[in-house]
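To convert a position in the sequence shown, counted from 1, into the numbering used here, add 3.
Heads up, the beta-carbon is just placed ideally off N, CA and C, and yes, glycines get one too.
Okay, structure first, notes after.
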Amino acid sequence: MGKLLKGISKSISGITYFVAAIAGISLFIAGIGVMNMMYISVSERTQEIGVRLALGATPKNIMMQFLLEAIILTVSGGVIGLVIGTSVAAVASMAMPFRAIVTPASVALAFGVSTAVGIVFGLLPAKQAANKNLIDILR
Numbered sequence: 004m005g006k007l008l009k010g011i012s013k014s015i016s017g018i019t020y021f022v023a024a025i026a027g028i029s030l031f032i033a034g035i036g037v038m039n040m041m042y043i044s045v046s047e048r049t050q051e052i053g054v055r056l057a058l059g060a061t062p063k064n065i066m067m068q069f070l071l072e073a074i075i076l077t078v079s080g081g082v083i084g085l086v087i088g089t090s091v092a093a094v095a096s097m098a099m100p101f102r103a104i105v106t107p108a109s110v111a112l113a114f115g116v117s118t119a120v121g122i123v124f125g126l127l128p129a130k131q132a133a134n135k136n137l138i139d140i141l142r
């Protein structure tokens with residue numbers, strides 16, 4: 004019986020690592036998508052950046068604006084994912100002999116990871132927006 008439990012535990016650990024690897028790859032790809040959206044946002048809003056710079060906004064203000072936009076984008080996605088995941092866990096609990104629960108720690112982890120993805124992948128587009136030259140924008 005002990006060997007059987009050890010084998011099952013090993014299988015579950017392997018599945019857990021596999022799912023974690025898939026989640027990591029998915030987060031990286033989602034981060035690249037966020038970065039792409041932010042670069043598009045920066046390029047389309049060049050005139051807005053120019054107006055803000057001309058009215059006295061500092062490059063730090065511009066950078067914080069786009070960084071907060073990236074964070075809001077990723078946290079919104081995290082909330083949607085959390086709601087869907089919680090719903091799937093509730094439905095799956097009905098079909099299983101045990102209950103799947105969502106702990107406050109997992110909710111905090113979801114928000115933390117979403118925020119981290121927004122910061123990491125929104126930083127370069129925000130820096131690009133902050134480093135735009137007012138003279139070049141006004142041309």
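- Judged by DSSP in its simplified three-state form, N136 adopts coil rather than helix or strand.
- The alpha carbon of L126 has as its nearest neighbour, out of L30, Y42, T19, I25, the alpha carbon of Y42.
- The way I'd put it, the stretch 50-67 doesn't touch the stretch 110-124; fewer than three beta-carbon pairs between them come closer than 8 angstroms.
- An exposed status is given to L141, since fewer than 16 other beta-carbon atoms sit within 10 Å of its beta-carbon.
- Annotation: the continuous alpha helix (DSSP H) that includes R55 extends over 49-57.
- Rounded to the nearest whole angstrom, the C-alpha separation of K135 and G121 is 21 angstroms.
- Distance from the Cα of S79 is smallest, within the candidate group A119, V54, T49, P107, for A119.
- With 16 or more other Cβ atoms inside 10 Å of its own Cβ, L76 counts as buried.
- Classified as exposed, A23 has fewer than 16 neighbouring CB atoms from the shown chains inside 10 Å of its CB.
- Restricting attention to beta strand (DSSP E) runs no shorter than 3 residues, the stretch 49-120 encloses none.
- Counting C-beta pairs closer than 8 angstroms gives three or more between the stretch 80-88 and the stretch 96-115, which meets the contact rule.
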